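Just so you know, the protein sequences line up as chains A and B, in that order.
Residue numbers for the first sequence follow my numbering, so the first one is 341 and each next one is one higher.
Residue numbers for the second sequence follow my numbering, so the first one is 1246 and each next one is one higher.
Okay, so here's the structure we're looking at.
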Amino acid sequence: MSSIAINNPSAIHHDDHGHAHHHETFLTKYVFSQDHKMIAKQFLITGIIMGVIAMLLSVLFRIQLAYPDHSFPLLEVLLGRFAPEGRLDPNFYLSLVTIHGTIMVFFVLTAGLSGTFSNLLIPLQLGARDMASPFMNMLSYWLFLVACVLILSTFFIESGPAGGGWTVYPPLSAIPKAMPGSGLGMTIWLIAMILFVASSLMGGINYVSTILNMRTKGMDLWKMPLTIWAFLLTAVTGILSFPVLVAGVVLLIFDRSFGTSFYLSDIVIGGQALAHEGGSPILWQHLFWFLGHPEVYIVIMPAMGIISEVMAVNSRKPIFGYHAMVYSLIAITVLSFIVWGHHMFVTGMNPFLGGVFMITTLIIAVPSAVKTFNWLATLWRGNIRFTPAMLFSIGMVSFFISGGLTGIWLGNASLDINLHDTYFVVAHFHLVMGSAAIFGMLAGIYHWFPKMFGRVMNPRLGYLHFWLTFVAAYFVFFPMHFMGLDGVPRRYYAFTEFEFMEKWMSVNVFVTWSAILGAVAQIAFLINFFGSIFFGKKSTENPWEANTLEWTTPVERLHGNWPGEIPTVYRWAYDYSKPGHPTDFIMQTVPHSETMSSNLPHDFDGNEVAEKIQEEWNLAHNASKNPEQVK
Amino acid sequence: MTINQEPDRYSLQPKKFVLWLFIVSSIIFFAGLTSGFIVYSGGGARKALNVDLPKVFIYSTIVIILSSVTMHLAYLGTKRLKFAQQKLWLWVSLLLGIVFIALQVYGWAVWTNLGIFFINSNATISFVYAFTFFHILHIVAGLIMIITALKSSYGPVPTVTNSFRMDITSIFWHFVDIVWIYLYVFLLLNR
C-alpha cells in the first residue's frame, strides 16, 4: 500500500499515547479545539451572534428611514454621539448600512454558513476522522474571530465604523479625510477583511483537500451527497476569488496609508487638490467584483446543497436529477468568474463588453432554473414531512425564485441604467442571496442540530419562527421593487429631503415595522436554539431517517467520529422510498447484497457478476417481482 | 499492518494537497495583481511602464534559478538518504534566498536613487514595487520552510517526517522561483 509509505509514524505513536490517557482540558476541548465538530459549533455560535448584531443594526437604520424627522430620545441614550438629539447622525447611518452588509455577507453567510456546515458535514458525511489539517482549521476559526472583534471594535472609536458601503469604492474609501467613515474605521475594516480572507482560505483549502483525499472506502465522487458537492465547489470558488480581493485591498491600503495612486486621480477636497494622480477607481471595481460576484455564489451554494439534502430526506424521495444538480453547481461555479462586469454597467464600460457580460450573466439563469425545477420535482408527489428544516428549505426555494427573476432584469445592461443603485437592487439581492441563504442556513441548523448537540430543536417554536420570518421577509423586501422601479436610490439618509421620494414614506413605515416583526421573530429562534442545547428532547441516532453517513455516528459525538472502523459506503445517498424495500430509506452503508428485493439493474454500474447474481435471485423470487426488473 | 489502523487520519497526502491548494491561491493573488496592472496600463500612453527595470533584477533572477537547482540537490540528497548532502544544499539554498532578497532591495534602492519612487503618479511603477514586495513575502515564507526542513534534518525526527518536510519545502521553493520568473517576464513584456 502506497499510503503507508507517506504516513507519519510520530503522529500514530502520539495517538496511541493519547488514547491510553486522554485528558482534555476545558481549553483544548471548547476553546482551542482542533475537533471539526467543535470548530463547526464555534463558527455557528459566532455567526449567530454576528447575525443578531447585524440585524439590530438594520432595525436601527430602518427606524431612521421610516421616521427621518422624528426624535427618539432612547436612541441618544443608547448610541450617544451617534444619535444626537435622538436622531441618527447621517455618517453613522452610512456606517450602519456598511457594517450591516459586511457582517451579513462575509461574517454570517460566508464564515457562519460555510464554516459551520462544511466543518461539521465534510468529515461526517464522507467518513473521515477529521479535516486534512485540524490545526489549520482551528487557526481559521481564530482568525475569523479576530476579524469579527476588529470590525465590531470600530463602533468604539472616535470616527466610528467604516461608512463607504460594503463594496468600499474608492475614492470615497481611499481618502481618510473624505468623511468620518473613511477614517480609522475604514483602515480597521480593511485589516479585518484581510484576516477574514486568510481565515476563509485556510478553511476552504482544508475542505477541498479533505473532500478529495479523505473519503471512506466506496465513497467515490458520484456517491457524495449534494451538500458535499456544494461545499467543494464553494471552497474552490473561494480559493480562486478571495486572493484577488486581497490584491485589491492591499493596493487600497497603499493608497490610503502610503500615498500611492492606484485608485486615485484628480481629487479636490475643500478647494485643495490632492497629490494623488493618474489612478483609476474603476480598477478597484474590477478587482473587487472579480471576488464580489463569486462571493454571492459562495453564499448561496452551501444553502443550495443543504436544502437539496433536507428536501430529499423530508420528501422521502431521491433528489430529482442528482447529476444535473451537480453539473449545474459546476456551471454556476464556472460562470461566476466571468460575470463580474454586470456590477459595472454604468461605469462607462464599452457597450460591447457590457453585452458580453450581459450574455454570460443571463446564462446563469439556466443552471439556476435547473436546480429550481429539480427541487420542485423532488417535492412532487413526495411523502412530505413538514419539519421546520423542510419548511425553511421550501422557503429558500421561494425566495430563490422571486429574487432570481429580478436578476434577469438587472442582468440586462440597458435596463440596469435605470435600476442601478436603486431599491430594486436591494430587493433583488436581499431575496435571492440574503433571505434565501439565511433560510438555507436555518434549515441546516434545524436539520443537523441533533448531530451538533445530541438534542432536537422544538418544532412548534420552529414553525412559529418560520412563518413569522417568511412573511416578514416578503413584507420587507417586496415593496422595495416598486420603490426601485420609481428610481428611489439606495443608501439615502432621509426620504423627506427629496420631493419625488416623499410619497414612499408610508411604504417605508410598513417596511420598517415588518423588519421589526422579522427581528422579533428571531427571539423564537434564539430561545429554541440556546434552550434546546440544554433542555431539548434527546435525539436518537438517526432522527430524520436519513441515508447519509453522519447518522451512523453515535449521538455522543466522539473525537474521531466513529468508535470503531469507519463504515464503508455501497450506494448513493438518495435511496428513499425505493420500490421493493420494506422501509422507505436505505442507508449508504447497506450493501446491495442485503437489499436484493429492491435492487435495480443500474445499481451495479455494469458489474456483470453482481447483475447475474441479482438475475438469479429475481428468478427465484419471481412471484413478488414485476417482470420488467427480471429482464 | 498493525500500527497503521487508520491510514486516512495520519496520511500526509492530504497535507501535501493543502500546499498545492495554497499555491493555487497564491497564483490567483499574483494573477489578480498583474491583471490589475494590465487594466491600469490599458488606460492610456501615460500609464505605461516607461522606465527600465533595475539591471540587478537579471542577477537576482540568476540567483533564484541557482537556488532552485541547489534545492533540487538537497531534495535528491534526502531521497538517497544522504543527509549530509541535504544539509549542505539546504544551507546553500537558504543563503541564496537571502542574497535574492538583498538584490531585490538593492533594485529598489537603484530606482529610488534615480527618483523612481513607490509613490508615483504612474501607478505601474508602484505596481513593480508591489509585485516585488509581495514576492519577497513569499520568499520569506519559503525561507521559514527551509529553516524548518533544516531543523528536521538535524533534529530527532523520523526520516519520513524529514523527507516530507523536504518535499513540501522544495515544491514551495520552486513555486516562488517560478512566480519571480513570471513576474520578471511579465514586466519585460509590458515595458
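Glycine included, every Cβ here is placed at the ideal spot set by N, Cα and C.
As the structure is a computational prediction, the values presented were derived from the model and not from experiment.
Less than 7 Å divides the Cβ of T577(A) from the Cβ of I638(A).
Nearest to L1339(B) by alpha-carbon distance, out of I1413(B), K1261(B), L1388(B), is L1388(B). For W844(A), there is no enclosing alpha helix (DSSP H), as DSSP gives it neither H nor E. By the rule that beta-carbons nearer than 7 Å mark a contact, G1352(B) does not touch chain A. At the C-beta level, V489(A) and L535(A) stay beyond 7 Å of one another. Taking a contact to require three or more Cβ pairs closer than 8 Å, the region 793-805 of chain A and the region 866-881 of chain A qualify as touching. Among the CB atoms of chain A, one or more fall inside 7 Å of the CB of G1281(B). Fewer than three pairs of CB atoms, one per stretch, sit closer than 8 Å, so the region 656-668 of chain A makes no contact with the region 537-547 of chain A. Contact between L466(A) and I568(A) holds: CB atoms are separated by about 6 Å, below the 8 Å threshold.
G455(A) and F484(A) do touch by the CB rule: their CB atoms are close to 7 Å apart, below 8 Å. Interface annotation, L1326(B): not in contact with chain A, CB-CB separation never under 7 Å.
Annotation note: the region 549-615 of chain A contains the following uninterrupted alpha helix (DSSP H) runs of length 4 or greater, listed N- to C-terminal: 566-593.
Around the CB of E934(A), fewer than 16 other CB atoms lie within 10 Å, so the residue is classed as exposed. In this structure, N887(A) is the residue among P894(A), D945(A), N887(A) with its C-alpha nearest to the C-alpha of K918(A). When only Cα atoms are considered, F372(A) and T1323(B) end up about 35 Å apart. Rounded to whole angstroms, the separation of the alpha carbons of L453(A) and V584(A) is 22 Å. For F1345(B), DSSP records no beta bridge to any residue. Here A472(A) is buried: its Cβ has 16 or more other Cβ atoms, across all protein chains shown, within 10 Å. A distance below 6 Å between beta-carbons, with the five flanking residues on each side excluded, links M526(A) to the following residues of its chain, in chain order: A502, S513.
Judged by beta-carbon spacing, G1342(B) lies beyond the 7 Å limit of P1299(B), meaning their Cβ atoms are not closer than that value. Here R795(A) carries a strand assignment [DSSP, helix/strand/coil]. Distance check between S872(A) and each of Y910(A), T893(A), M792(A), R831(A) places M792(A) closest, using alpha-carbon atoms only. Boundaries of the alpha helix (DSSP H) around G645(A): 621-655. Ranked by Cα distance from F685(A), the options L750(A), H663(A), L669(A), I647(A) are led by L750(A). The region 775-834 of chain A is shown to contain whole alpha helix (DSSP H) runs of 4 or more residues at 776-793, 799-825, in chain order. Chain B places a beta carbon closer than 7 Å to that of M554(A), counting this residue as a contact.
Within chain A, no C-beta atom comes less than 7 Å from the C-beta of Y1399(B); the nearest is roughly 16 Å away. Counting the other CB atoms within 10 Å of its CB gives T852(A) a total of 16 or more, which places it among the buried residues. For A753(A), the uninterrupted alpha helix (DSSP H) run begins and ends at 753-759, by DSSP. When the Cα atoms are used, L801(A) and Q374(A) turn out to be separated by approximately 33 Å.
For S742(A) and V679(A), the gap between their C-alpha atoms comes out near 21 Å.
For L573(A), the CB contacts under 7 Å within the same chain, skipping 5 residues up- and downstream, are M641, L669, I670, T673 in chain order.
Closest option to G391(A), judged by alpha-carbon separation, among L716(A), F446(A), P565(A): F446(A). Inter-residue distance for H633(A) and F769(A) is about 12 Å (C-alpha atoms, whole angstroms). In terms of beta-carbon proximity, F1267(B) lines the interface with chain A, with at least one pair separated by less than 7 Å. At a cut-off of 7 Å between C-beta atoms, G694(A) does not count as an interface residue with respect to chain B.
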